[in-house]
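Structure first, then comments.
Protein chains: 2
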Amino acid sequence: MKSGSVILELQRATHATLQLLTTELVDLDLTASEINALGNLADGVGRTVSELGAAIGTRPATLTGILDRLERRGLITRAPRPGDRRAVLITLTTDGVRTAALIRQTLDAVEQRALAGLAADVVQAARTVLLALTEARR
Amino acid sequence: MKSGSVILELQRATHATLQLLTTELVDLDLTASEINALGNLADGVGRTVSELGAAIGTRPATLTGILDRLERRGLITRAPRPGDRRAVLITLTTDGVRTAALIRQTLDAVEQRALAGLAADVVQAARTVLLALTEARR
DNA sequence: TATTGTTATACTCTATAACTATA
DNA sequence: TATAGTTATAGAGTATAACAATA
Numbered sequence: 001m002k003s004g005s006v007i008l009e010l011q012r013a014t015h016a017t018l019q020l021l022t023t024e025l026v027d028l029d030l031t032a033s034e035i036n037a038l039g040n041l042a043d044g045v046g047r048t049v050s051e052l053g054a055a056i057g058t059r060p061a062t063l064t065g066i067l068d069r070l071e072r073r074g075l076i077t078r079a080p081r082p083g084d085r086r087a088v089l090i091t092l093t094t095d096g097v098r099t100a101a102l103i104r105q106t107l108d109a110v111e112q113r114a115l116a117g118l119a120a121d122v123v124q125a126a127r128t129v130l131l132a133l134t135e136a137r138r
Numbered sequence: 139m140k141s142g143s144v145i146l147e148l149q150r151a152t153h154a155t156l157q158l159l160t161t162e163l164v165d166l167d168l169t170a171s172e173i174n175a176l177g178n179l180a181d182g183v184g185r186t187v188s189e190l191g192a193a194i195g196t197r198p199a200t201l202t203g204i205l206d207r208l209e210r211r212g213l214i215t216r217a218p219r220p221g222d223r224r225a226v227l228i229t230l231t232t233d234g235v236r237t238a239a240l241i242r243q244t245l246d247a248v249e250q251r252a253l254a255g256l257a258a259d260v261v262q263a264a265r266t267v268l269l270a271l272t273e274a275r276r
């Protein structure tokens, strides 16, 4: 065992699932990043640009363009955050809630299908490893 | 437990490790995709464009540009594959071997550092899940 | 005819730095 | 002065379709 690199396997899995997701959600006409953003907002909790950027791994400058398109399509709104007007709070619109729910649904379906044969503790172990890699520092 | 989506956590971990990697390897002046390609070629086994594309999750049309830059920098060579001259066999040059080795070394170091506290069977479980997600079909 | 890879096009993502507005 | 986000720019990744060479 223990042949390849976990990190290379990680990137492989990410590309594969991303491609599968955009294929299944092709009718929404959204990019992978847009799907990722909406998927993270799906819980209905508003987030600032920085917070969302940290969650999906994109810088604020990149996120601006993604949010521009989502806003233009009426899926999110941007508003200054009460208490600190420098920050921008991103919230799903009614349409956005519906779209995000569909994304989460598809996400869960893909996940269940892919991991159907695996024991719960195996999946839980994977979560632990993913979290450790996410928090890796130099 | 079991709050978020494994797939969203997967993408988060990928972004984080990718960013860490390019930071640690900034002296090589390579993009994430170039690092990914070289990391996959590091075992010294030649691969066709299709094979490498499948390994790193990019389409042949995308890979062409990545390979163009790696070839221009003298890290890989392209040659028709004996037996099927339609296919292009990608091989590391001497410089490429050295660079790929450094990448694998850094990859392993990041991985060891991040997963230091975790039991071997937890990491192995994560590999199983990553493989299952990589092979997910609709 | 089918397959492998490249090219062409248009759009999206990315990094960096400069900028605005708030704090 | 510092922070949050946007804008500007240039380069890289992406999907799709059309194409040449080979099978």
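Going down the list, the protein sequences come from chains A and B.
With the numbering used here, the residue at position 61 of the first sequence is 61, and numbering never jumps.
Numbers in the numbering used here are just positions in the second sequence, counted from 1, shifted up by 138.
Just so it is clear, CB atoms sit at the ideal spot from N, CA and C, and this is done for glycine as well.
Return yes when the Cβ of A/L115 is within less than 8 Å of the Cβ of B/V267, no when it is not.
Their beta carbons are under 8 Å apart, which means B/V267 touches A/L115 by this criterion.
Use the C-beta contact count for A/K2: other C-beta atoms within 10 angstroms, 16 or more gives buried, fewer gives exposed.
Its pLDDT being 48, under 50, A/K2 is placed unreliably by the model, and the measurement read from it follows with that caveat. Under a 10 Å Cβ-count criterion, A/K2 is classified as exposed, with fewer than 16 other Cβ atoms of the shown protein chains found around its own Cβ.
Can you name the residues that DSSP bridges to B/R216?
Residue pairing of B/R216 in beta bridges, as defined by DSSP: B/I228.
Cα separation between A/A61 and B/D222?
Put simply, the backbone Cα of A/A61 is about 46 Å away from that of B/D222.
Select from A/T22, A/R138 and A/R59 the residue whose C-alpha is nearest the C-alpha of B/R150.
The shortest Cα separation from B/R150 among A/T22, A/R138 and A/R59 belongs to A/R59.
The alpha helix (DSSP H) with A/A61 in it runs from where to where?
In the DSSP assignment, A/A61 falls within the unbroken alpha helix (DSSP H) covering P60 to R72.
Taking the alpha-carbon positions, what's the B/E189 to A/E51 distance?
Their backbone Cα atoms lie some 37 Å apart in a straight line.
Three-state secondary structure (DSSP) at B/R265?
Secondary structure of B/R265 (DSSP, three-state): helix.
Using 10 angstroms around the beta-carbon of B/G277, count the other beta-carbons present and answer buried if the total reaches 16, otherwise exposed.
This structure cannot speak to residue 277 of chain B, because chain B is shown only from 139 to 276.
Secondary structure at B/R275, three-state DSSP: helix, strand or coil?
The answer is coil: DSSP assigns B/R275 none of H, G, I, E or B.
Looking at chain B, which residues of the region 101 to 118 of chain A have a Cβ within less than 8 Å of any of its Cβ atoms?
Among the residues of the region 101 to 118 of chain A, those with a Cβ less than 8 Å away from any Cβ of chain B are R104, L107, D108, V110, E111, R113, A114, L115, G117 and L118, in the order of the chain.
On a CA-only basis, which of A/L20, A/G4, A/N40 and A/T22 is nearest A/G96? Give me that one, please.
Considering only alpha carbons, the answer is A/N40.
For B/R185, would you say it is in contact with chain A, using Cβ-to-Cβ distances shorter than 8 Å as the test?
With respect to chain A, the C-beta atom of B/R185 has no partner C-beta closer than 8 Å.
Closer than 7 Å at the beta carbon, the chain B residues around A/V129:
For A/V129, the C-beta contacts it makes with chain B under 7 Å involve L253, L256, V260, V261 and A264, in order along the chain.
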